[in-house]
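>
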Amino acid sequence: MKILVATEKPFAKVAIDGIREVVENAGYELALLEKYTDKQQLLEAVANADALIVRSDIVDGEVLDAAKKLQIVVRAGAGYDNIDLEAATAHHVVAMNTPGQNSNAVAELALGMMVMAVRNMYNGTSGTELKGKKLGIHAFGNVGRNVARIAKGFGMEVFAYDAYCPDDVMLQSEVTPVHSANELYRTCDIVSLHIPATAETRNSINRALVSQMPKGALLVNTARKEVINEPELLQLMQERTDLRYVTDIMPVADADFRQFEGRYFATPKKMGAQTAEANINAGIAAAKQIVDFIENGNTKFQVNK
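Here is the structure:
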C-alpha cells in the first residue's frame with residue numbers, strides 16, 4: 572500500500588516526519604513528490620499510488636485517470652476546490668479534507684489584517700482601534716469560531732450569520748446571531764468572510780451587499796477569491812472613498828485594486844494556513860484519515876458523494 576504526498580508547495584520537514592511516522596507505523600509505504608514543476612511529474616507519481624495527500628495541488632480528471640490504483644485523496648486543509656469532486660466520484664475515489672486543522676492560523680491572520688487596516692496600513696498616520704467595533708463573521712464554522720474567540724479578546728462586539736448554524740451555537744460563544752447577510756453587513760463596521768466557494772456563494776459578495784456597510788467599513792477576505800464580485804467591488808470602492816478591502820487571496824483584478832492605496836491590501840500568496848503549527852496539524856491529520864479509511868472504512872470527512 573503506497574501513500575503519496577504530492578506537494579508543489581512542500582510541507583515542513585517536521586510535518587513530513589509526522590506523516591511518515593503515521594504511515595510507516597501502519598505498515599504502509601510513503602512516497603514524496605515535492606516542489607514539482609510540471610504536471611507530468613504528478614501524473615507519473617500517482618500511477619501506482621493507493622492514496623494521495625495534497626495541499627493546493629490540482630487533482631482533476633487527468634490526474635485521476637493516471638491514478639489507476641487510487642482509493643482516496645485527502646486535501647490537507649479545509650478548502651477542497653482544487654479537487655474535482657465529480658471526477659473523483661466517477662473514478663470511485665473518496666475525497667476528503669481536514670477541517671479545523673488550519674482554523675486558528677487563518678483566524679489569527681484575519682485579526683492581524685484587521686489591525687493593519689484600521690492602523691492605515693502602518694503608514695504613520697493616526698488610525699483607530701478594534702475595541703468597541705462591531706465585527707460581522709460571515710459563516711460560523713471552525714475558522715469563524717476562532718475569529719470570534721480572538722475578537723472578543725480585543726473587546727469587539729461580535730455578530731455572525733450562517734444559514735446552516737443554529738443560533739444556540741453562536742450564543743454559546745457569546746456571539747449575536749443575525750438572520751440574513753443583509754442584516755450582518757448593515758450592522759457591522761468590519762465583516763470577515765469565511766464562506767466556501769460554491770455555486771451559491773460565487774460572486775455573492777457584491778455591490779448590493781457591501782454597499783450597506785457603515786461609513787469607514789472594512790471587508791476582510793481569508794476565504795476564497797471566487798466569492799467576491801470583483802467588478803462591482805471595484806466600482807463601489809471608486810464611489811466610496813471610506814471603504815477598505817484586505818484579502819489573503821490576490822484578486823484577478825489586483826492591478827485595478829491597487830489604485831486604492833491605503834485602502835487595499837492583498838498578500839502575494841495565500842498565507843492563511845502558512846504557520847508551522849497548521850502545516851504539521853493538517854498533514855498529520857491527512858495521514859491519520861487515510862490509515863483510518865484503509866483499515867476501518869471511516870469516511871467521516873468525505874466531501875464527494
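First residue of the sequence shown: 572, per our numbering; consecutive thereafter.
Virtual Cβ for every residue (Gly too), placed ideally from N, Cα, C.
Since this is a predicted model, take the numbers as computed values, not measurements.
1) Per DSSP, A837 is paired with what?
2) With 16 as the cutoff for other CB atoms within 10 Å, does P839 come out buried or exposed?
3) Can you give me the C-alpha to C-alpha distance between A649 and S674, rounded to a whole angstrom?
4) For E605, write down the residues that DSSP places opposite it in a beta bridge.
5) Verify whether the separation of the beta carbon atoms of G707 and I776 is less than 8 angstroms.
6) What residue range does the alpha helix (DSSP H) around R757 cover?
7) Compare the C-alpha of S751 against each of E745, D738, A856 and name the closest.
8) Between G854 and A586, how many whole angstroms is the CB-CB distance? I'm expecting something under 8 angstroms.
9) Which of the three DSSP states, helix, strand or coil, is assigned to P785?
10) In this structure, how does DSSP classify R646 when only helix, strand and coil are distinguished?
11) Would you please state the rounded distance, in angstroms, between the beta carbons of E728 and K705? I believe it to be under 8 angstroms.
12) Any idea what DSSP makes of M727, helix, strand or coil?
13) Which runs of the alpha helix (DSSP H), 4 residues or longer, sit entirely within the stretch 615 to 642?
14) Give every residue of the same chain whose Cβ lies closer than 7 angstroms to the Cβ of V664, excluding the five residues on either side of it in the sequence, and list them in chain order.
15) Are the CB atoms of A676 and A794 within a distance shorter than 8 angstroms?
16) Threshold first: 4 residues or longer. Then list the alpha helix (DSSP H) segments lying entirely within the stretch 649 to 730, N to C.
17) Could you tell me if N596 is buried or exposed, where buried requires 16 or more neighbouring beta carbons within 10 angstroms of its beta carbon?
18) If you check the beta carbons only, do F836 and V817 fall under 8 angstroms apart?
19) So which of A637, A622, E657 has the shortest CA-CA distance to R646?
20) Thinking just about the alpha-carbon of each residue, which of V576, A666, Y693, Q612 is nearest to the one in K871?
21) Less than 8 angstroms between the C-beta atoms of V874 and L656, yes or no?
22) What is the rounded straight-line gap between the Cα of L805 and the Cα of I574?
23) Would you list the one or two residues that DSSP bridges to I799?
24) Among the residues of its own chain, which have a CB less than 7 angstroms from the CB of D827, if the five just before and after it don't count?
25) Check the DSSP bridge columns for T747 and list the partner residues they point to.
26) Is T608 close to the ligand PLP? I mean its beta-carbon at under 7 angstroms from any heavy atom of the ligand.
27) Would you mind reading off the limits of the beta strand (DSSP E) that contains V762?
28) Checking the sheet assignment: what are the DSSP bridge partners for K573?
29) Is the beta carbon of K796 closer than 8 angstroms to that of D813?
A quick look at the data gives this:
1) T818
2) exposed
3) 8 angstroms
4) T578
5) no
6) 752 to 758
7) D738
8) 4 angstroms
9) coil
10) strand
11) 5 angstroms
12) coil
13) 632 to 637
14) L635, L641, Q642, I643, V644
15) no
16) 656 to 661, 674 to 689, 713 to 724
17) exposed
18) yes
19) A622
20) A666
21) yes
22) 44 angstroms
23) I776
24) L805
25) F730
26) By its list of ligands, the structure shown contains no ligand whatsoever, and the ligand PLP lies outside what it can speak to.
27) 761 to 764
28) E600
29) no
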